[in-house]
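To keep things clear, I will list the structure first and then write my remarks on it.
In the working numbering, the protein residues as written are 291 to 931.
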């Protein structure tokens with residue numbers, strides 16, 4: 291059969307195209323290999339796989355052994371690599387690929403170097419990898435308990451509570467199976483609220499035990515999807531549970547085992563107190579236990595007695611109540627802080643007086659008559675004349691009678707005219723400064739009192755009894771403290787602030803008001819008293835002023851000869867004026883110092899002892915060499931080093 295020329299050309303072109311297509315298909319097909327090995331060294335097998343796949347291998351020196359592979363199938367590079375991984379797994383080795391490098395090592399070590407499957411989804415099923423799987427509803431710890439039997443010995447599985455995840459290191463194909471199982475287990479569970487009434491056990495004790503048994507699942511600090519909230523209802527001795535159905539059911543079983551009658555009817559303990567007062571602590575505990583038993587209708591009976599001789603508590607109670615009492619005693623029996631209160635009481639008295647006047651006297655002793663004239667306004671002139679009229683007196687003795695600055699003129703003639711005159715214009719000023727520094731150490735919230743003074747008797751009444759016709763007078767008295775009194779009650783606040791309730795009193799007896807006679811040998815007592823009663827707030831070691839009291843007394847007196855003392859100008863010779871002004875000022879300074887431990891007390895004691903020693907050194911001769919203070923323990927031995 292013949293074809294036209296143009297058709298022949300078309301057939302040739304088509305045949306050429308078919309030949310080119312067949313050649314392209316043949317070139318496009320990948321190269322395949324058949325591997326058959328018998329007792330070949332595993333390192334040679336690794337080298338052969340590296341040549342076929344083009345991968346870089348790093349072989350652990352501990353990887354040794356012989357391998358045998360029998361295969362009649364042709365495999366591409368992917369199949370060769372899967373075969374390689376299977377051979378390694380059979381011989382207890384694994385390949386970990388990371389950043390283009392494949393490490394060949396033992397499976398027991400390879401689990402620590404697995405690549406996360408999430409970051410390399412193309413990893414083959416025989417590859418040893420590590421995957422983190424998150425659980426939403428089931429506790430990761432419960433998942434680990436379920437999946438652990440499915441993990442080979444060289445694998446690893448662990449639970450992380452927060453976040454709720456499971457970490458698995460194993461071959462990729464096994465992880466896929468475990469992940470499928472986790473999806474079927476990790477399903478939502480409905481929450482429920484249950485109320486469990488207790489018959490024998492006390493609700494507070496059961497809650498404490500449950501929280502101790504499983505703190506991460508039960509109680510206030512519980513976390514994770516399997517957590518259960520527990521609320522104790524002490525009014526009716528019941529528990530309120532909120533959580534997933536299965537965990538709540540398990541907790542109910544545990545509660546039923548705990549809700550049993552107490553095996554011991556009571557226990558007795560003797561608690562020695564290290565710091566607190568047994569009587570005071572016993573009163574506090576009795577008040578708390580009685581109030582708790584009344585409000586909660588608890589059948590628990592607690593008996594607390596104080597042994598003051600031993601400073602101990604004798605407690606008899608049920609085991610549950612005993613634990614509560616012991617906890618309260620531990621919190622109450624603590625070392626109390628002390629406060630050193632230092633006071634400075636300053637009293638300043640300023641007296642100003644002005645005494646102006648003229649005294650004169652004259653006498654004529656001639657003959658039998660004795661005419662006498664005198665103003666007799668002051669005692670100074672009388673003292674001078676008495677000294678001069680004494681035959682045994684000397685002029686020096688007469689001058690000694692002048693006790694104040696005085697201008698005097700006198701002439702004594704025992705047989706004639708004698709006279710004397712004194713001119714006084716005296717201004718006096720006195721300034722008395724009384725400084726008292728009492729200090730006292732006391733416990734926090736304890737009243738302290740210090741008194742420096744005397745007990746003075748005060749008459750409170752008098753009466754007379756008659757016995758056998760004779761009268762017996764009686765006087766009743768009451769003794770009271772007179773002097774400097776400081777009463778302080780400190781209260782320590784947060785930040786070392788101290789609230790001080792202070793009562794300060796300075797009193798003295800007025801001596802000029804005392805009058806004793808034969809008819810009445812007992813005198814009524816008049817006292818001067820200045821008090822400060824206040825409550826202040828001060829910082830630790832801060833000096834504060836409590837108050838100041840200023841008393842101003844002015845006294846003016848005029849003594850004169852009637853009529854003559856009223857004569858203008860000339861009357862000054864017949865009168866005397868005295869002006870006295872007294873001003874007293876009382877100021878009280880206070881400084882509290884908080885002493886929290888023995889070191890603070892020792893420091894304060896050494897400071898006071900050193901100040902006493904400095905006073906003693908100041909009384910020594912000036913040329914005496916300085917001496918250090920002796921040990922303070924020497925005070926109690928009655929010796930001085």
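The C-beta atom is built at its ideal place from N, Cα and C for all residues, glycine as well.
In this text, all values refer to a predicted model and were calculated from it rather than measured experimentally.
If you look at residue 535, you'll find it in the alpha helix (DSSP H) that goes 535-548. Annotation: the continuous beta strand (DSSP E) that includes residue 558 extends over 557-562.
By the Cβ neighbour-count rule, residue 766 is exposed, with fewer than 16 other Cβ atoms within 10 Å of its own. Annotation: residue 575 to residue 566 spans about 13 Å, alpha carbon to alpha carbon. Taking the C-beta atoms as reference points, residue 528 is found no nearer than 8 Å to residue 572. Here the C-alpha atom of residue 441 lies approximately 37 Å from the C-alpha atom of residue 548.
Contact between the segment 590-601 and the segment 781-793 is absent: fewer than 3 CB-CB pairs across the two stretches fall below 8 Å. With fewer than 16 other CB atoms across the displayed protein chains lying within 10 angstroms of its CB, residue 485 is exposed.
Beta-bridge annotation (DSSP): residue 389 is not paired with any residue.
Comparing alpha carbon positions, the residue from 419, 790, 456 and 421 closest to residue 429 is 456. Its chain contains 767, 768, 770 and 815 as the residues whose beta carbon lies nearer than 7 Å to that of residue 748, once the 5 sequence neighbours on both sides are disregarded; these appear in chain order. Here DSSP, grouped into helix, strand and coil, assigns residue 345 to coil.
Around the beta-carbon of residue 495, 16 or more other beta-carbon atoms lie within 10 Å, marking it buried.
The segment 748-762 makes no contact with the segment 610-622; the number of CB pairs closer than 8 Å stays below 3.
Counted as a single uninterrupted DSSP element, the beta strand (DSSP E) harbouring residue 483 occupies residues 481-487.
Just so you know, the alpha carbons of residue 728 and residue 879 end up roughly 11 Å apart. Separation of residue 530 and residue 449 (C-alpha to C-alpha, rounded to the nearest whole angstrom) is 29 Å.
Between the alpha carbons of residue 550 and residue 492 lies a distance of about 10 Å. In the same chain as residue 542, and ignoring 5 residues on each side of it, the C-beta atoms closer than 8 Å to its own belong to 484, 486 and 531, in chain order. Taken in chain order, the complete alpha helix (DSSP H) segments of 4 or more residues contained in the segment 348-388 are 367-380.
Here DSSP, grouped into helix, strand and coil, assigns residue 395 to strand. Checking the DSSP bridge columns, you'll see residue 490 has no partner listed.
Ranking 395, 544, 321 and 350 by CA distance to the CA of residue 365 puts 321 first. Rounded to whole angstroms, the separation of the alpha carbons of residue 845 and residue 867 is 11 Å.
With a contact defined as Cβ atoms closer than 8 Å, residue 796 and residue 635 qualify at about 6 Å. Non-local beta-carbon contacts of residue 520 in its own chain, meaning distances under 7 Å to residues more than five positions away in sequence, involve 497, 500, 508, 509, 529 and 531 in chain order. As the crow flies, the alpha-carbon of residue 451 is around 21 Å from that of residue 460. In the DSSP assignment, residue 464 falls outside any beta strand (DSSP E) and lies within the alpha helix (DSSP H) extending over 462-475. In the same chain as residue 345, and ignoring 5 residues on each side of it, the C-beta atoms closer than 6 Å to its own belong to 392, in chain order. In summary, residue 463 is exposed, with fewer than 16 beta-carbon neighbours lying within 10 Å of its beta-carbon over all protein chains present.
Taking each of 370, 389, 791 and 621 in turn and checking the Cα distance to residue 324, the smallest one comes out for 370. Less than 8 Å divides the Cβ of residue 335 from the Cβ of residue 377. Each residue's CA atom was taken as its position, placing residue 776 and residue 852 some 53 Å apart. Between residue 778 and residue 738, the gap from beta carbon to beta carbon is short of 8 Å. Here DSSP, grouped into helix, strand and coil, assigns residue 442 to coil. In the three-state reduction of the DSSP assignment, residue 834 falls in the strand class.
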